[in-house]
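In my numbering, the protein residues as written are 249 to 675.
Glycine included, every Cβ here is placed at the ideal spot set by N, Cα and C.
Note that this is a predicted model, so its numbers are computed, not measured.
One structure is given below, encoded as structure tokens.
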């Protein structure tokens, strides 16, 4: 099971990177605030600007709810939403939140495809005063992990499920009949016996959940899980050698050397996945589509290196972004690195190029983002260029921009600085 554990460690390392860096930043800030010779610097505009850029003006995640003209983004303690109005403008709307207060940034699923309900699930880590349960080492996580649901028709954010360990999204999944899959990475009770993966189905309507019957031999849930109907799934399994994954339809092997599930059409007819010619994942990958009804896989792109894979709401085409690294000496807030978004590609389900949109325009300038998402159906792209969230049409026209400011975090920073100033003045 070497491959299984390696994949899980890789996925987990990726998902906790943001939290780890956030904790390091907070710890470093505490050291700065505790040093009297540096407190004077905090009184200066430079000190305040650094704090603003690190915490207050930095978005932590960005997501477009597919087909909705709605862009969601998070800051350190708040969820924000903006919509494209009928007249083409951009307007931020208030979000009604129920349940526990926020503590750490929320994580959106990265390959979520809309379904029968209008909304999006998200994960959030909340503060706990409980002592650690003894999970030491590289992959230790906060105790309380909450699964939330945002309803875009009512603008309500409400908790669905509290996890006593780690709740993790499959890389690609779908919402079907008001339910979506998620899995527990481990629980305190099972941790002593090794990492345990427990796939579950969560109901959006009543927050109930049920374990998914494990009819497969050894599912690699983290690499994607697609619902097809009652008790029917496409997922990945590990072969007998423990060194390769294969595509599985209700426990039956379809094709080997699969690396990830990356999406599904809203009608659940076509499932997309990437594949390598051997076990060496560093080699170039190809893009494949699986016809659920005919149970036939087929390659559609021989080489695939795109980002933010998305499908249209009519289930007839798909697309992705192409980005390049961007070497920028300016400070980019948060832990994200700047990328230059250079192109959008749209294909039909047979792999014929429908549209290639060049986003590098001499008149408009480069589109740079530390985070980005797009929607081929509403033809918009959103990206975070601190301190703003920009929303453009795919042809490059600016629809609007929203300045990122975490009001709660700003107030907290002000209180911390003022408290330290008083302590310094009184010493």
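Original post:
Whose CA, out of 325, 636, 641, lies closest to the CA of residue 650?
Top reply: 636
**OP:** Helix, strand or coil for residue 471, going by three-state DSSP, please let me know.
**Re:** helix
**OP:** Please classify residue 685: does DSSP put it in a helix, a strand, or coil?
**Re:** There is no way to answer for residue 685, as the model of the chain reaches only from 249 to 675.
Subject >> Proximal residues to residue 397 (C-beta, below 7 Å), its chain only, five neighbours per side dropped >> reply: 367, 369, 406, 408, 452
**OP:** Could you round the C-beta distance between residue 592 and residue 567 to whole angstroms and report it? I think they count as a contact, below 8 Å.
**Re:** 6 Å
Subject >> Cβ shell of residue 346 (< 6 Å), same chain only, five flanking positions each side left out >> reply: 406
**OP:** Using the Cα positions of residue 399 and residue 460, report the straight-line distance between them to the nearest angstrom.
**Re:** 25 Å
**OP:** Please determine, among 473, 632, 513, the residue with the shortest C-alpha to C-alpha distance to residue 446.
**Re:** 473
**OP:** Alpha carbon to alpha carbon, how far is residue 458 from residue 590? Give it in angstroms, no decimals.
**Re:** 43 Å
Original post:
On the three-state DSSP scale, how would you describe residue 562?
Top reply: coil
Original post:
Where residue 356 and residue 365 are concerned, what is the direct C-alpha to C-alpha distance, given to the nearest angstrom?
Top reply: 17 Å
**OP:** Return the chain-ordered list of same chain residues with a C-beta closer than 6 Å to the C-beta of residue 646, the five sequence neighbours on each side being excluded.
**Re:** 640
Subject >> Cβ distance (whole Å) where residue 420 is taken to contact residue 511 below 8 Å >> reply: 5 Å
Subject >> Reduced DSSP secondary structure (H/G/I, E/B, other) of residue 358 >> reply: coil
**OP:** Pick helix, strand or coil for residue 632, following the three-state DSSP scheme.
**Re:** strand
Original post:
Which value, in whole angstroms, describes the spacing of the CA atoms of residue 312 and residue 556?
Top reply: 11 Å
**OP:** Using the Cα positions of residue 653 and residue 324, report the straight-line distance between them to the nearest angstrom.
**Re:** 10 Å
Original post:
Is residue 552 near residue 534, with beta carbons less than 7 Å apart?
Top reply: yes
**OP:** Name the one or two DSSP bridge partners that residue 501 has.
**Re:** 496
Subject >> For residue 601, the residue or residues it bridges with in DSSP >> reply: 595
Subject >> Counted within 10 angstroms of its Cβ, other Cβ atoms place residue 569 as buried (16 or more) or exposed >> reply: buried
Subject >> Rounded C-alpha distance that separates residue 403 from residue 542 >> reply: 40 Å
**OP:** Indicate the three-state DSSP secondary structure (helix, strand or coil) for residue 508 in the structure shown.
**Re:** strand
Original post:
So residue 682 and residue 621 are in contact, right, with Cβ under 8 Å, and what is the actual spacing, rounded?
Top reply: Given a span of 249 to 675 for the chain in the structure shown, any question on residue 682 remains unanswerable.
Subject >> Short Cβ contact (7 Å threshold) for residue 605 with residue 545 >> reply: no
Original post:
Would you report the Cα separation of residue 633 and residue 558, rounded to the nearest angstrom?
Top reply: 22 Å
Original post:
What's the gap between the Cα of residue 648 and the Cα of residue 327?
Top reply: 19 Å
**OP:** Identify the continuous beta strand (DSSP E) that holds residue 337 and give its terminal residues.
**Re:** Residue 337 -> no beta strand (DSSP E), and no H or E assigned at all.
Original post:
So what does DSSP say about residue 306, is it helix, strand or coil?
Top reply: coil
**OP:** Tell me where the beta strand (DSSP E) around residue 533 begins and ends.
**Re:** 533-539
Original post:
Looking only at its own chain, which residues have a Cβ that is under 8 Å from the Cβ of residue 609, when we skip the five neighbours before and after it?
Top reply: 644
Subject >> Residue from 523, 532, 514 with nearest C-alpha to residue 561 >> reply: 514
Subject >> Residues bridged to residue 643 [DSSP beta-bridge criterion] >> reply: Bridge partners of residue 643: none, in fact.
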